[in-house]
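Number of protein chains: 2
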Amino acid sequence: MALVVQKYGGTSVGTVEKIRNVARRVAKTFDDGNDVVVIVSAMAGETNRLVALADEMCEFPSEREYDVLVSTGEQVTIALLSMCLQSMGYNAKSYLGSQIPVMTDSAHSRARIKSIDDKKVREDLKNGTIIIVAGFQGIDDDGNVTTLGRGGSDTSAVAVAAALKADVCEIYTDVDGVYTTDPRMVPEARKIEKISYEEMLEMASLGAKVLQIRSVEFAKKYNVVVHVRSTFNDKPGTLVMKEDQEMETVLVSGIAYNKDEAKISIFGVPDQPGIAAQIFSPLSEANITVDMIIQNVSQDGKTDMTFTVLKTDCKKALKIVEDVMGKIGASGVKSNENISKISIIGVGMRSHSGIAQTMFETLAKEGINIEMISTSEIKVSCIIDAKYTELAVRVLHEAFGLDKAAVEDEG
Amino acid sequence: MALVVQKYGGTSVGTVEKIRNVARRVAKTFDDGNDVVVIVSAMAGETNRLVALADEMCEFPSEREYDVLVSTGEQVTIALLSMCLQSMGYNAKSYLGSQIPVMTDSAHSRARIKSIDDKKVREDLKNGTIIIVAGFQGIDDDGNVTTLGRGGSDTSAVAVAAALKADVCEIYTDVDGVYTTDPRMVPEARKIEKISYEEMLEMASLGAKVLQIRSVEFAKKYNVVVHVRSTFNDKPGTLVMKEDQEMETVLVSGIAYNKDEAKISIFGVPDQPGIAAQIFSPLSEANITVDMIIQNVSQDGKTDMTFTVLKTDCKKALKIVEDVMGKIGASGVKSNENISKISIIGVGMRSHSGIAQTMFETLAKEGINIEMISTSEIKVSCIIDAKYTELAVRVLHEAFGLDKAAVEDEG
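Listed in order, the protein sequences are those of chains Y and E. Each residue of the first sequence is one higher than the one before, counting from 1 in the UniProt record's numbering. Each residue of the second sequence is one higher than the one before, counting from 1 in the UniProt record's numbering.
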């Protein structure tokens, strides 16, 4: 007998009929002899409906009240799922974040979980009760309702699994696992059987939106095995877990792409100490996250600097940089929203050389110019012209042997 | 400076625009120098939407989970109203039933308030904060969400007013007070300026659905002055308060009617001890509420018995009575759903005689036959043929001088 934590996202519980489907899946897991704790999101569309109400009410809704509002979405789902299981003859009981309680800090709409009390849930499990927990929500020390931010139900699930020392945390979603790349772009993309936390973090932050980043950080911290799988079939999905030797033999686990960034270049920047701070401090103060930064070698005491920000921040960033330009005596600023970031990810890179080289050569062979490069221990990212995104992903996917055919050949 | 508790019902907060209107009214009360605590219902239609979800999910939803589900309605409203007040520059803070806390018993979907902690609210009021409380909801000793039943927000408001020893509890609704009778039926109906708790209880239970009965019981118990008034204008409404001498000078305060009952007659009942218990115990066990009961004088050791039940219970009651009939040796049973109950209500009856007489004569003059009569200290009710309902209400309204014209004459 195992303790299984299952999380169902908004599309999995989007209608009463879909909630019935989830209930059958939960019941089967229970009938198989497991203790079951279920975390659910709001029914698809519900959170958007609530956010629209807030937007209609006023321009800048208070974050405290915003959390009171949007947390009702999950509350509706836990009640309906519990009712359904009860009508099927099972003991089921719903829990709000405040009832467990899931204690968080007070950062409304992006709260972090501090602790989860497992006492009441354990007691109920002992009595053969299936536990249904509202994802995405908690309370702070003063009893205020908090929410964890969009996608926070994944984090709720992993945190509950960690608190209960569950054997596995199954994240049910509308895809059946983590793929070597976006299957809509590359039909040959394969489902990954096992992926390390580190790789998953890179995949997630680079645009493979299967799991919320913070849930992976949480899983890594508490060593929770996360099983990403489909609500709509019984096939095994992808295990996100601690790195093992088998993973290291794979050079590249996946190819990610991200079209959400824009590039800003500053020309003729005086190459002197403190100049970078003068440029990036005001951006940081304006809450603009800078991703990649590149500084050219200096010529005649002048250099060029290029960095990327989210497209949505580009105009704001440009304005700030233009203000700074005069002060530091730079000669010009240019932005380009027409870029794409392509990344290869794999823990195997740590012990294998020449992987970046293969990436550069593969792109060069297709005539794709690399505009920026950044690397970490387990990934290499290149900024290219956006129009080559699909081509780049496809050729890299093939070059690193990730295609279905390639694997079958190896087998 | 006074402490004012205001309650706004579902139609008053039915849209974002209407919530804005409520916010303006709340703000004005605050600007006038009052401390303000606001209790709100779910937006009109929202509770029905949630109930429909539960009905779609299963036939007999668990009451615990039902409460978790429907209590989200009020939660949405408190968040939106607080946001709106904040955007207008006021300090406002929402409270869930569980956050105050409003402690109730564990009778889900019809819970009774046991106590309300005023500590946090008082603290916030001291800091100039407007308090927005979710009506209809509370928690029990185990932290389960409970609800007070339909219309429970009235009771929440009166209970909060009692706990805070508020100067007045204003119940805002879509009518502008309590009328001498249904104005849709009698255009001459007048708004009542002041009415005693006892009269209001009779009015409410007889079909004048302005205030939930339990809220009036609560107000009576804790001597809370309730001001029933309109959300959509500034006219004073009706004060529901302790009986005073002025009220006693009025013979009849109002005329109520109720078409929700049906009449069941049993013929040839052996007139012997214990027979009533044999008839009414099984009805009570089946949760059927019997309202009026009449037993004719006995002839040849046999009697007839007639009683009224809710129309919705009539078929079930008839089946039970038919079962009993054989056992007690009665000769026949008949039901009639085509009846109406007309009542005259007034604390003045206590000290004035001849009021029932006037009622009987007035109905007789119009050829309206009285089928059953029941009386209490402050009311007389008659069952008549349903088709005479409107006529009976009109002539009684006139006979007891309740018409607008009559009052103007007196003035």
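Glycine included, C-beta positions come from ideal geometry on N, C-alpha and C.
### Query
So what does Gly332 of chain Y bridge to, in DSSP terms?
Position 332 of the first sequence, counted from the first residue, corresponds to residue 332 of chain Y. Note: Gly332 of chain Y sits in a beta bridge opposite Y:Phe267.
### Task
Could you please give the first and the last residue of the uninterrupted beta strand (DSSP E) stretch that includes Gln278 of chain Y?
By 1-based counting over the first sequence, the position of residue 278 of chain Y is 278. Counting along the chain, Gln278 of chain Y falls outside any beta strand (DSSP E), though it belongs to the alpha helix (DSSP H) covering 275 to 285.
#### Entry: Separation of Thr362 of chain Y from Glu410 of chain Y, as counted between CA atoms
Sequence index remark: in the first sequence, residue 410 of chain Y carries index 410 (1-based). Sequence index remark: in the first sequence, residue 362 of chain Y carries index 362 (1-based). Model confidence at Glu410 of chain Y stands at a pLDDT of 43, short of 50, so the residue's coordinates are unreliable and nothing is read from them.
#### Entry: Where the beta strand (DSSP E) containing Thr308 of chain E begins and where it ends
The count along the second sequence starts at 1 and reaches residue 308 of chain E at position 308. Note, Thr308 of chain E: beta strand (DSSP E), 302 to 310.
### Query
Using the beta-carbon count (16 or more within 10 Å), is Thr181 of chain Y buried or exposed?
Position 181 of the first sequence, counted from the first residue, corresponds to residue 181 of chain Y. Buried, since its Cβ has 16 or more Cβ neighbours within 10 Å.
### Message
Runs of 3 residues minimum, wholly inside the stretch 123 to 155 of chain E: which ones carry the beta strand (DSSP E) assignment?
### Response
130 to 134, 137 to 139, 145 to 147
### Task
Rounded to whole angstroms, what's the CA-CA distance from Glu371 of chain E to Ile383 of chain E? Just pull it up for me.
For the purposes of this step, residue 371 of chain E is taken as the residue at position 371 of the second sequence. For the purposes of this step, residue 383 of chain E is taken as the residue at position 383 of the second sequence. C-alpha separation (whole angstroms): 5 Å.
### Against chain E: residues of the stretch 58 to 81 of chain Y by CB proximity under 9 Å
Cys58, Glu59, Phe60, Pro61, Ser62, Arg64, Glu65, Tyr66, Asp67, Val68, Leu69, Val70, Ser71, Thr72, Gly73, Gln75, Val76, Ile78, Ala79, Leu80, Leu81
### Message
Is there a C-beta anywhere in chain Y that falls below 9 Å from the one on Met83 of chain E?
### Response
Your numbering for residue 83 of chain E matches position 83 in the second sequence. Cβ-Cβ to chain Y under 9 Å: yes for Met83 of chain E.
### Query
How would you write the range of the alpha helix (DSSP H) that Arg394 of chain E sits in, first residue to last?
The residue labelled residue 394 of chain E in the question sits at position 394 within the second sequence. Unbroken alpha helix (DSSP H) run through Arg394 of chain E: 389 to 399.
### Query
CA-CA distance, Val127 of chain E and Ser376 of chain E?
As a position in the second sequence, residue 127 of chain E is number 127, starting the count at 1. As a position in the second sequence, residue 376 of chain E is number 376, starting the count at 1. Here residue 127 of chain E turns out to be Asn, not Val, going by the sequence shown. Near 49 Å, if we compare the C-alpha coordinates of Ser376 of chain E and Asn127 of chain E.
### Task
Could you tell me how far apart the beta carbons of Met83 of chain E and Ala54 of chain Y are, in whole angstroms, since I believe they sit closer than 8 Å?
By 1-based counting over the second sequence, the position of residue 83 of chain E is 83. By 1-based counting over the first sequence, the position of residue 54 of chain Y is 54. Right, their Cβ atoms sit about 6 Å apart.
### Task
Return the first residue and the last residue of the alpha helix (DSSP H) that Glu377 of chain E is part of.
Walking along the second sequence from the start, residue 377 of chain E turns up at place 377. Where Glu377 of chain E is concerned, there is no enclosing alpha helix (DSSP H), given that its DSSP letter is neither H nor E.
### Task
Please classify Glu322 of chain Y: does DSSP put it in a helix, a strand, or coil?
Residue 322 of chain Y sits at position 322 when you count from the first residue of the first sequence. Helix, per DSSP.
### Task
Kindly list, in the order they appear in chain E, the residues whose Cβ is closer than 7 Å to that of Ser94 of chain Y.
For this step, residue 94 of chain Y is matched to residue 94 along the first sequence. Correct list: Glu65, Val68.
### Query
According to DSSP, is residue 415 of chain Y helix, strand or coil?
Nothing about residue 415 of chain Y can be reported from this structure: the residues present for chain Y run from 1 to 411 only.
### Task
For Ala111 of chain E, decide whether its Cβ has a neighbour in chain Y, counting only Cβ atoms nearer than 9 Å.
Here residue 111 of chain E refers to the residue found at position 111 when the second sequence is read from its first residue. Not an interface residue.
### Message
My output table needs one value for Cys169 of chain Y: the three-state DSSP class, helix, strand or coil.
### Response
Within the first sequence, the letter at position 169 stands for residue 169 of chain Y. Correct three-state label for Cys169 of chain Y: strand.
### Task
Check whether the stretch 62 to 80 of chain Y touches the stretch 127 to 139 of chain Y, counting contact only when three or more Cβ pairs, one atom from each stretch, lie closer than 8 Å.
yes
### Message
Classify Asp35 of chain E: buried if its beta carbon has 16 or more other beta carbons within 10 angstroms, exposed otherwise.
### Response
By 1-based counting over the second sequence, the position of residue 35 of chain E is 35. So Asp35 of chain E ends up on the buried side.
### Message
Going residue by residue through the stretch 60 to 110 of chain Y, where are the continuous alpha helix (DSSP H) segments of at least 4 residues, counting only ones entirely within it?
### Response
63 to 70, 72 to 87
### Per-residue contacts from Ser98 of chain E into chain Y (C-beta, under 7 Å)
Here the question's residue 98 of chain E lines up with position 98 in the second sequence. Ordered by position in chain Y, the residues that pass the 7 Å Cβ test against Ser98 of chain E are Ser98.
### Cβ neighbour criterion (16 or more within 10 Å) applied to His108 of chain E
Residue numbering aside, residue 108 of chain E sits at position 108 when the second sequence is read from its first letter. That one is buried.
### Message
Which residues in chain E have a C-beta closer than 7 Å to the C-beta of Ser106 of chain Y? List them in chain order.
### Response
Locating residue 106 of chain Y in the first sequence gives position 106, counting from the first residue. By Cβ distance, chain E contributes nothing, its closest Cβ being about 14 Å from Ser106 of chain Y, past 7 Å.
### Query
In the DSSP assignment, what residue or residues form a beta bridge with Val51 of chain E?
Numbered from its first residue, the second sequence carries residue 51 of chain E at position 51. Answer is none; Val51 of chain E lacks a bridge partner.
### Query
So which residues of chain Y does Glu199 of chain E contact, with C-beta pairs closer than 7 Å?
Translated into the one-based positions of the second sequence, residue 199 of chain E becomes position 199. None at all; the shortest Cβ gap to chain Y is about 39 Å.
### Message
Below 8 Å, how does it come out for the stretch 149 to 167 of chain E and the stretch 349 to 358 of chain E: are there three or more Cβ pairs, yes or no?
### Response
no
### Message
Taking the alpha-carbon of Leu148 of chain E as reference, which of E:Gly329, E:Ala23, E:Asp117, E:Ile213 has the nearest alpha-carbon?
### Response
Counted from its first residue, the second sequence places residue 148 of chain E at position 148. Cα-wise, what sits closest to Leu148 of chain E is E:Ile213.
#### Entry: 9 Å Cβ cutoff met for Gly237 of chain E and Asp176 of chain E
Counting from 1 along the second sequence, the entry for residue 237 of chain E is found at position 237. Counting from 1 along the second sequence, the entry for residue 176 of chain E is found at position 176. Cβ atoms of Gly237 of chain E and Asp176 of chain E: closer than 9 Å.
### Message
Buried or exposed for Phe30 of chain E, going by 16 or more other Cβ atoms inside 10 Å?
### Response
If you number the second sequence from 1, residue 30 of chain E lands on position 30. By the 10 Å Cβ count, Phe30 of chain E comes out buried.
### Query
Closer than 8 Å, Cβ to any Cβ of chain E: which residues of the stretch 26 to 56 of chain Y, in chain order?
Leu50, Leu53, Ala54, Glu56
### Query
What does a CB cutoff of less than 7 Å around Glu408 of chain Y pick up in its chain, not counting 5 residues either side in sequence?
Locating residue 408 of chain Y in the first sequence gives position 408, where the first residue counts as 1. Unreliable positioning characterises Glu408 of chain Y in this predicted model, as indicated by a pLDDT of 47, which lies under 50. The coordinate reading is nonetheless provided below. If we look at Glu408 of chain Y and ignore the five residues flanking it on each side, it has no Cβ neighbours.
### Query
When you compare only the Cα positions, how much space is there between Asp62 of chain Y and Phe60 of chain E?
Position 62 of the first sequence, counted from the first residue, corresponds to residue 62 of chain Y. Position 60 of the second sequence, counted from the first residue, corresponds to residue 60 of chain E. The residue asked about is misnamed: residue 62 of chain Y is Ser in this sequence, not Asp. When rounded, the distance between both Cα atoms is 38 Å.
### Query
Which residues, in order along the stretch 139 to 152 of chain E, keep a beta-carbon less than 7 Å from a beta-carbon of chain Y?
Gly143
### Query
Closer than 9 Å, CB to CB, is Gln272 of chain Y near chain E or not?
As a working note, residue 272 of chain Y is residue 272 in the first sequence. Judged by the 9 Å Cβ criterion, Gln272 of chain Y is not in contact with chain E.
### Message
In this structure, how does DSSP classify Asp409 of chain Y when only helix, strand and coil are distinguished?
### Response
What you label residue 409 of chain Y is simply residue 409 of the first sequence in a count that begins at 1. Here Asp409 of chain Y scores only 44 on pLDDT, less than 50, and its place in the model is too uncertain to base an answer on.
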